[in-house]
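So the sequence shown is residues 582 to 951, counted in our numbering.
Input: a single structure, listed below in structure tokens.
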Amino acid sequence: MREGQKIVYSAGIVLTLLVLISSQVFASVINAGRGLPHTKSAYTTLHGHMTGMGNLRFWGGTGEYSNGNSEGETRIWVARALGNVTYGFSEHGAVSLTPILYQDAHKDEGEQIPWDTFLNCKMGSYKVEKQPYWLGFDVGMRFPTGKKHNVIFEEYTAGKFEFGLTGLLTYRYSSPQLKSDVRVHANFGYWNHNDKGVYLSEVDPRELGYVQHTSQSIRYALGVEFPVQQFVYGMELYGMTWLVRPPLGAASRENYFYMNVSGQFRAHQRITLFANADLRLSPGKDTTVGFEPDFTGIGNYPGWRINIGLQYLILPSSDYGFARMSIERQQHQKTRQLYSQLKEELEKRKQTDAELERLKREREENQPRN
Numbered sequence: 582m583r584e585g586q587k588i589v590y591s592a593g594i595v596l597t598l599l600v601l602i603s604s605q606v607f608a609s610v611i612n613a614g615r616g617l618p619h620t621k622s623a624y625t626t627l628h629g630h631m632t633g634m635g636n637l638r639f640w641g642g643t644g645e646y647s648n649g650n651s652e653g654e655t656r657i658w659v660a661r662a663l664g665n666v667t668y669g670f671s672e673h674g675a676v677s678l679t680p681i682l683y684q685d686a687h688k689d690e691g692e693q694i695p696w697d698t699f700l701n702c703k704m705g706s707y708k709v710e711k712q713p714y715w716l717g718f719d720v721g722m723r724f725p726t727g728k729k730h731n732v733i734f735e736e737y738t739a740g741k742f743e744f745g746l747t748g749l750l751t752y753r754y755s756s757p758q759l760k761s762d763v764r765v766h767a768n769f770g771y772w773n774h775n776d777k778g779v780y781l782s783e784v785d786p787r788e789l790g791y792v793q794h795t796s797q798s799i800r801y802a803l804g805v806e807f808p809v810q811q812f813v814y815g816m817e818l819y820g821m822t823w824l825v826r827p828p829l830g831a832a833s834r835e836n837y838f839y840m841n842v843s844g845q846f847r848a849h850q851r852i853t854l855f856a857n858a859d860l861r862l863s864p865g866k867d868t869t870v871g872f873e874p875d876f877t878g879i880g881n882y883p884g885w886r887i888n889i890g891l892q893y894l895i896l897p898s899s900d901y902g903f904a905r906m907s908i909e910r911q912q913h914q915k916t917r918q919l920y921s922q923l924k925e926e927l928e929k930r931k932q933t934d935a936e937l938e939r940l941k942r943e944r945e946e947n948q949p950r951n
């Protein structure tokens with residue numbers, strides 16, 4: 582088996598194992614490319630690079646359960662898992678495929694394998710001339726490959742093809758001495774659920790789940806990255822606001838606003854481990870009517886979520902590709918160091934010239950006059 586085939590095969594094994602161990606895990610669709618868990622950078626995946634990701638998330642809580650004549654306290658575990666493959670097809674473009682591989686619908690029949698699939702095309706790495714800013718945009722699509730929709734504790738979906746557009750902005754401050762590297766990312770986008778005329782599932786009476794107008798929302802995020810050697814730390818704020826709210830029977834028809842704290846560790850030149858935690862800052866509201874199951878006393882979005890995962894660099898497959906990356910990285914660092922040294926020498930030269938000028942003036946002032 583050739584080296585490239587071995588790498589692809591091992592990446593497939595890693596992703597499969599991550600899926601198999603996810604039976605008690607909650608996961609939402611997160612950013613698998615460059616940037617933070619929920620805030621995408623304006624940089625794209627490097628040209629010719631392909632990454633695979635397995636993502637696990639969990640949340641649990643206790644609530645009052647009501648279903649017909651049955652009532653009582655119940656323990657709730659939200660389970661979901663996803664995978665991702667991202668490929669940089671050009672200097673400014675990358676494509677990302679994210680299938681949701683497991684989804685707990687909180688029904689007697691149990692889990693949904695698989696669920697919906699997301700496809701994203703990102704264009705970016707457009708640098709503003711002579712400024713530390715990068716621009717880009719992301720086109721997102723959701724395909725209803727799952728059997729059930731309108732699921733509680735998840736973002737709203739009516740089981741239709743959905744689409745959206747997000748603008749990306751990145752600001753990067755990097756000192757010439759390589760002592761600091763701070764990246765700020767901002768996203769702002771629009772999402773269309775394409776659901777007009779749909780009757781939402783699991784709603785009684787049925788009329789409460791009828792979508793009269795196409796549901797539409799605004800998505801936004803702001804985050805800061807702090808790379809430190811093999812680690813990358815991050816903090817971000819992100820949320821969603823409805824422009825056109827779905828009907829009363831929608832399981833998640835409220836706005837939400839979260840804070841996320843994250844960390845990444847590059848364990849190997851191909852392997853990156855990551856973990857992060859969400860904390861909901863918006864109120865825990867439940868304005869849904871007629872949806873089953875009904876968990877009273879709990880909002881329609883989790884108050885917290887823990888996220889763990891692994892990213893594997895599939896391509897480039899050869900050592901030559903890594904050697905080239907290493908050489909380019911070293912050349913970049915040498916250029917910055919030379920720039921820093923040159924700047925220091927110029928400052929010293931200015932100080933020396935100023936001192937010579939001062940001595941010259943003093944000498945002229947102290948010369949005896951005839």
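All C-beta atoms, glycine included, are put in the ideal place defined by N, C-alpha and C.
query: Name the DSSP beta bridge partners of R800, please?; result: G770 and M821
query: Taking only three categories from DSSP, how would you classify E783?; result: coil
query: When burial is assigned at 16 or more other CB atoms within 10 Å of the CB, is K741 buried or exposed?; result: buried
query: Between which two residues does the beta strand (DSSP E) harbouring W885 extend?; result: W885 to L896
query: 8 Å is my cut-off, CB to CB: does V763 come that close to chain C?; result: In the structure shown, chain C does not exist; there is a single protein chain.
query: Just how far apart, CA to CA, sit S604 and F699?; result: In this prediction, S604 scores a pLDDT of 31, lower than 50, which makes its location untrustworthy; the coordinate-derived value is nonetheless stated afterwards. Cα to Cα, the separation comes out at about 21 Å.
query: Sort out for me which residues DSSP pairs P808 with in a bridge.; result: V813
query: For L750, count the other beta carbons within 10 Å of its own beta carbon; 16 or more makes it buried, fewer makes it exposed. Which is it?; result: buried
query: Suppose only complete runs of 4+ residues qualify. What are the alpha helix (DSSP H) ranges in the segment 682-753, listed by chain order?; result: none
query: Flag this pair as yes or no: are the beta carbons of L818 and L829 separated by less than 8 Å?; result: no
query: Using the three-state DSSP reduction, which class does L940 fall into: helix, strand or coil?; result: helix
query: Hey, quick one: how far does the beta strand (DSSP E) through V842 stretch, first residue to last?; result: Y837 to R847
query: Is DSSP giving D776 helix, strand or coil here?; result: coil
query: At the level of alpha carbons, what is the spacing between Y807 and Y920?; result: Note on residue identity: the sequence assigns Phe, not Tyr, to residue 807. F807 and Y920: Cα-Cα distance of roughly 23 Å.
query: Can the beta-carbon of N731 be found less than 8 Å from the beta-carbon of E783?; result: yes
query: So for T655, helix, strand or coil by DSSP?; result: strand
query: Return the residue from the list G748, S755, N857 and D785 that minimises the CA-CA distance to I799.; result: G748
query: Using the three-state DSSP reduction, which class does T1004 fall into: helix, strand or coil?; result: There is simply no residue 1004 to check, as the chain begins at 582 and stops at 951 in what is shown.
query: Tell me, please, which residues DSSP counts as bridged to N857.; result: S843 and N888
query: Do the segment 770-779 and the segment 788-797 meet, that is, are 3 or more Cβ pairs less than 8 Å apart?; result: yes
query: Please classify W696: is it buried, with 16 or more other beta-carbons within 10 angstroms of its beta-carbon, or exposed?; result: buried
query: Going by alpha carbons, who is nearest to V676 out of P786, P897, M631 and F855?; result: M631
query: Taking the alpha carbon of I611 as the reference point, which residue from H628, Y801, Y752 and L663 has its own alpha carbon closest?; result: L663
query: Report the three-state DSSP secondary structure of L678 (helix, strand or coil).; result: strand
query: Short of 6 Å in beta carbon distance, which residues of its chain neighbour I681, apart from the five on each side in sequence? Order them along the chain.; result: L663, W696 and D697
query: How far does the beta strand (DSSP E) with F872 in it extend, from its first residue to its last?; result: Looking at the DSSP string, F872 is not in any beta strand (DSSP E), and its letter there is neither H nor E.
query: In angstroms, rounded to a whole number, what distance separates the CA positions of Y646 and Q684?; result: 20 Å
query: Give the straight-line distance between the Cα atoms of N775 and T738, rounded to the nearest whole angstrom.; result: 9 Å
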